[in-house]
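Here the structure is laid out as structure tokens; the discussion comes afterwards.
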């Protein structure tokens, strides 16, 4: 047997080094979760209508006496990484008043190849008040997230929505030096486009956030969106609440949509600004998971 034959015999067929697929990341078990829930108005109050839950995503319904019902989403996988996928559909029936939040901050961990995905669909019927108030999303170094939110409203619907992102944990010396974020919103009223927004970072998010015209050295950002028949009166009520030390924030009336942007040096400062703002827009206390 010559040397070439011996070399080939020593390498099993399943370890063929010419197979280019070996350079691809191995396919690992991924976290998949879905929740579909609806609220209805019955016996003079808002109640849970239907609830479907699957995989790692669950909905918990605490018993509370104040205001409308609460649905608390729980990701039992503990965080998301590449190709993990969460799907959420929430429907507010006619005349309902309810809030959807999360048990804790969602964590986006290091991804090897593809982003984690979160797809949300929000439908708000006539005279309903929807409060979409998830807690912050933490993007860790090399984390990747593609999040899309679609909303359908009527002329008399009310929506208060908040999405906030914290980049790493600076207090523990953790900086985000690489990563990917694609966060998009599309809101329609009676089938017509009302608002569309797309936020994106790639490469080194911290370097981009350090630029004055982009992030003013922020490490935490938030968008608060209000769509309501009386939205034109809200801007002047919101602006005094944004006067917080160390936070850069602004509120604009876009004609049917009041948009607030907040840039903060830390998650702590961001939350200190968000809580009184969201309580003002909610007309009462936030879900207990926000403060416990």
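Residue numbers (this note's numbering): 142 to 433. Glycine included, each C-beta is placed from N, C-alpha and C at the ideal position. As the structure is a prediction and not an experimental result, all values here were calculated from the model.
Residue nearest to residue i in terms of C-alpha spacing, selected from the options
i, options, result
"residue 333", "344, 294, 349, 305", "294"
"residue 285", "230, 326, 249, 234", "249"
"residue 280", "432, 307, 241, 342", "307"
"residue 215", "241, 236, 191", "241"
"residue 237", "218, 395, 267, 360", "267"
"residue 226", "234, 431, 426, 256", "256"
"residue 429", "177, 275, 265, 234", "275"
"residue 358", "367, 346, 385", "346"
"residue 229", "254, 340, 198", "198"
"residue 313", "196, 218, 407, 175", "407"
"residue 356", "323, 402, 326, 318", "402"
"residue 213", "232, 190, 245, 184", "245"
"residue 438", "262, 362, 414, 217", "Since the first and last residues shown for the chain are 142 and 433, residue 438 lies out of range."
"residue 171", "263, 253, 337, 177", "253"
"residue 348", "339, 360, 338, 337", "360"
"residue 409", "362, 271, 351, 239", "362"
"residue 181", "395, 231, 367", "231"
"residue 262", "421, 382, 177", "177"
8 angstroms contact criterion, which residue i and residue j should meet: CB distance rounded
i, j, result
"residue 209", "residue 187", "4 angstroms"
"residue 300", "residue 265", "6 angstroms"
"residue 328", "residue 292", "4 angstroms"
"residue 364", "residue 304", "6 angstroms"
"residue 419", "residue 427", "6 angstroms"
"residue 338", "residue 319", "Not confirmed; about 24 angstroms, so no contact."
"residue 399", "residue 376", "6 angstroms"
"residue 239", "residue 273", "Not quite, the Cβ-Cβ distance comes to about 10 angstroms (not below 8 angstroms), so this is no contact."
Residue i - partner residues in DSSP beta bridges
i, result
"residue 239", "271"
"residue 233", "180, 265"
"residue 419", "Bridge partners of residue 419: none, in fact."
"residue 289", "260, 325"
"residue 192", "178"
"residue 361", "307, 405"
"residue 315", "Per DSSP, none; premise fails for residue 315."
"residue 249", "221, 280"
"residue 368", "300"
"residue 339", "325"
"residue 395", "Residue 395 pairs with nothing; no bridge assigned."
"residue 186", "183"
"residue 320", "344"
Per-residue burial, residue i [other beta carbons within 10 Å of its own, 16 or more giving buried]
i, result
"residue 222", "buried"
"residue 316", "exposed"
"residue 193", "exposed"
"residue 369", "buried"
"residue 372", "buried"
"residue 309", "buried"
"residue 288", "buried"
"residue 393", "exposed"
"residue 341", "exposed"
"residue 146", "Per-residue confidence for residue 146 stands at a pLDDT of 44, beneath the threshold of 50, marking its modelled position as unreliable; no derived number is given."
"residue 296", "exposed"
"residue 144", "With a pLDDT of 42 at residue 144, under the threshold of 50, the modelled position of this residue cannot be trusted, and the question is left open."
"residue 391", "exposed"
"residue 433", "exposed"
"residue 205", "exposed"
"residue 353", "exposed"
"residue 183", "exposed"
"residue 92", "Outside the shown range of the chain, which is 142 to 433, sits residue 92, and nothing can be said about it."
"residue 374", "exposed"
"residue 344", "exposed"
"residue 224", "buried"
"residue 234", "buried"
Assigned secondary structure, residue i (DSSP; H/G/I helix, E/B strand, else coil)
i, result
"residue 244", "coil"
"residue 386", "coil"
"residue 345", "coil"
"residue 174", "strand"
"residue 479", "With the chain covering only 142 through 433, there is no way to say anything about residue 479."
"residue 279", "strand"
"residue 434", "What is shown of the chain runs 142 to 433, which leaves residue 434 out entirely."
"residue 411", "helix"
"residue 204", "coil"
"residue 355", "coil"
"residue 350", "helix"
"residue 426", "coil"
"residue 212", "strand"
Residue i CB to nearest heavy atom of the ligand PLP below 6 angstroms
i, result
"residue 361", "Of ligands this structure carries none, so the ligand PLP is not represented either."
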